[in-house]
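J.:
Numbering (the numbering used here), first residue to last: 280 to 698.
1) Mind checking whether residue 710 and residue 619 have CB atoms under 8 Å apart?
2) Would you grab the beta carbon distance between residue 383 and residue 348 for me? Rounded to a whole angstrom, and I think it's under 8 Å.
3) Where are the alpha helix (DSSP H) runs, 4 residues long or more, that stay fully inside the segment 654-697, in chain order?
4) By DSSP's criteria, residue 514 is part of a beta bridge. Which residues make up the other side?
5) According to DSSP, residue 566 sits in a beta bridge with which residue or residues?
6) For the pair the segment 560-569 and the segment 355-364, tell me if three or more CB-CB distances fall below 8 Å.
7) So, under 8 Å CB-CB, residue 505 and residue 544 are touching, yes? Tell me the CB distance rounded to an integer number of Å.
8) What whole-angstrom Cβ distance do residue 377 and residue 678 have, given they're in contact under 8 Å?
9) For residue 625, which residues from the same chain have a beta carbon less than 7 Å from its beta carbon, with the 5 sequence-adjacent residues on both sides left out?
10) Contact defined as beta carbons within less than 8 Å: I believe residue 481 pairs with residue 503. What is the distance between those atoms, to the nearest angstrom?
11) With distances taken from CA atoms, which of 440, 387 and 493 is nearest residue 425?
12) If you follow the alpha helix (DSSP H) that residue 523 is in, where does it begin and where does it stop?
13) Three or more C-beta pairs closer than 8 Å, one from the segment 551-560 and one from the segment 486-496: is that the case here?
14) Helix, strand or coil for residue 356, going by three-state DSSP, please let me know.
15) Drop a sphere of 10 angstroms on the beta-carbon of residue 457, count the other beta-carbons inside from all chains shown, and report buried for 16 or more, exposed for fewer.
16) Using C-beta distances below 6 Å, list every residue in its chain close to residue 431, excluding the 5 sequence neighbours before and after it, in chain order.
17) Residue 344 by DSSP, collapsed to three states: which one?
18) Output the boundary residues of the beta strand (DSSP E) element that contains residue 599.
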């Protein structure tokens with residue numbers, strides 16, 4: 280028997296056997312479920328893990344292990360660690376979603392510009408899945424599509440969405456709800472209706488605070504925990520994922536919801552971010568900005584080029600509703616703003632240019648096809664991890680590369696502790 284120091288004051292320990300060491304088994308190349316012989320006595324091993332602050336990187340806690348198992352059961356085509364392509368409005372369409380899922384991840388179709396976009400998007404996704412000859416997607420249940428859809432509930436149409444889903448033979452495996460205007464009550468209404476018409480679909484809820492996570496947990500199959508490094512829209516007030524996710528995890532454990540899977544989102548753009556998120560207690564990660572630089576993203580080449588060229592994301596992105604307003608979107612719920620790359624519009628506005636003049640220049644730039652770039656005028660939504668995004672490649676290759684890199688990091692960490 281091995282012992283794992285329990286999170287808390289460190290005074291209690293809980294016994295568990297070698298079958299709990301899923302990540303360690305994978306890193307050492309052992310068959311899943313095989314009991315592991317290792318050179319460390321339990322007390323020394325526990326002390327090492329605590330001193331190095333790497334418990335979750337090397338092993339999963341009982342609750343985290345259960346959460347990962349729940350995800351694997353619901354999404355049988357996926358591989359660990361679970362990497363998710365975030366729903367990015369018009370930028371993540373069916374092609375991107377399916378490519379991510381084909382690589383063992385979970386791809387999402389974004390909300391689109393209007394609710395009625397959902398029907399054609401699901402039909403296209405169904406066609407792409409049917410054309411796939413790989414073995415991975417065939418593991419999905421026959422009445423489900425191995426992708427998810429994202430819904431901004433404040434801008435959605437519940438009646439139309441339920442009608443569209445009700446007419447689909449294959450429903451999306453996951454429905455990701457985000458950005459209510461009227462808080463949890465609105466999310467509850469959407470979740471109840473969607474579960475009724477899309478019975479096999481999981482309901483995921485995105486949150487950005489401990490309080491919202493506690494409220495949403497009983498009503499959600501999975502919680503997406505979004506930190507302030509995320510690109511696009513999130514709460515104005517928030518924390519980075521490195522403090523937010525552990526605090527959410529602790530709070531849910533204390534309330535008896537410790538086995539709900541937590542997906543880390545915000546600032547994760549490479550293998551190091553994935554490994555860090557697992558260490559924090561995540562069951563998987565969502566990437567958005569990295570997949571903007573994929574061949575399958577529905578993105579203007581100038582937008583994509585701006586993402587590739589941007590560096591030092593903490594200094595060269597900004598959280599604001601200014602870009603929403605330039606585009607004519609004035610009714611986002613008050614608690615939200617959005618992170619995008621700083622461009623000429625923001626520099627002029629910050630220097631004192633009246634909004635009305637900035638709006639005129641913005642609209643002219645769009646008409647001239649000069650909307651994006653450091654000298655551009657319209658929004659390039661991206662997270663602080665944008666400086667880690669340096670090349671465009673296929674979405675499937677991105678997912679596989681990030682996953683393999685994460686596994687190598689885990690293995691290197693284990694080897695480092697052996698020396």
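In this text, a Cβ means the ideal position worked out from N, Cα and C, and glycines have one as well.
T.: So, from the listed chains and residues:
1) Nothing about residue 710 can be read from this structure; the chain reaches only from 280 to 698.
2) Numbered from its first residue, the chain shown carries residue 383 at position 104. Numbered from its first residue, the chain shown carries residue 348 at position 69. So it is not a contact: roughly 16 Å between Cβ atoms.
3) The qualifying runs are 674-697.
4) Stepping through the chain shown from its first residue, residue 514 is reached at position 235. 615, per the DSSP bridge assignment.
5) As a first step, residue 566 is located in the chain shown; it is residue number 287 there, counting from the start. DSSP lists 364 as partners of residue 566.
6) A contact is defined here as three or more CB-CB pairs under 8 Å, and the segment 560-569 meets this definition with respect to the segment 355-364.
7) Sequence index remark: in the chain shown, residue 505 carries index 226 (1-based). Sequence index remark: in the chain shown, residue 544 carries index 265 (1-based). That belief holds up - the Cβ atoms of residue 505 and residue 544 are roughly 4 Å apart, short of 8 Å.
8) Within the chain shown, residue 377 is the residue found at index 98, counting from 1. Within the chain shown, residue 678 is the residue found at index 399, counting from 1. About 12 Å separates the two Cβ atoms, so there is no contact after all.
9) One-based indexing of the chain shown puts residue 625 at position 346. So the qualifying residues of the chain are 597 and 601.
10) Working through the chain shown from its first residue, we reach residue 481 at position 202. Working through the chain shown from its first residue, we reach residue 503 at position 224. That belief does not hold up - the Cβ atoms of residue 481 and residue 503 are roughly 12 Å apart, past 8 Å.
11) By 1-based counting over the chain shown, the position of residue 425 is 146. That would be 387, whose Cα lies nearest to the Cα of residue 425.
12) Taking the chain shown and counting its residues from 1, one reaches residue 523 at position 244. Residues 520-533.
13) With contact defined as three or more Cβ pairs closer than 8 Å, the segment 551-560 and the segment 486-496 are not in contact.
14) Taking the first residue of the chain shown as position 1, residue 356 is located at position 77. Three-state result, residue 356: coil.
15) On the chain shown, position 178 is the one that residue 457 refers to. Residue 457 is buried by the Cβ-count criterion.
16) The residue you call residue 431 lines up with position 152 of the chain shown. Cβ within range, chain order: 390, 457 and 458.
17) Counted from its first residue, the chain shown places residue 344 at position 65. Residue 344 falls in the helix class under three-state DSSP.
18) Reading the chain shown from its first residue, position 320 is the one you call residue 599. Looking at the DSSP string, the run of the beta strand (DSSP E) that includes residue 599 is 596-599.
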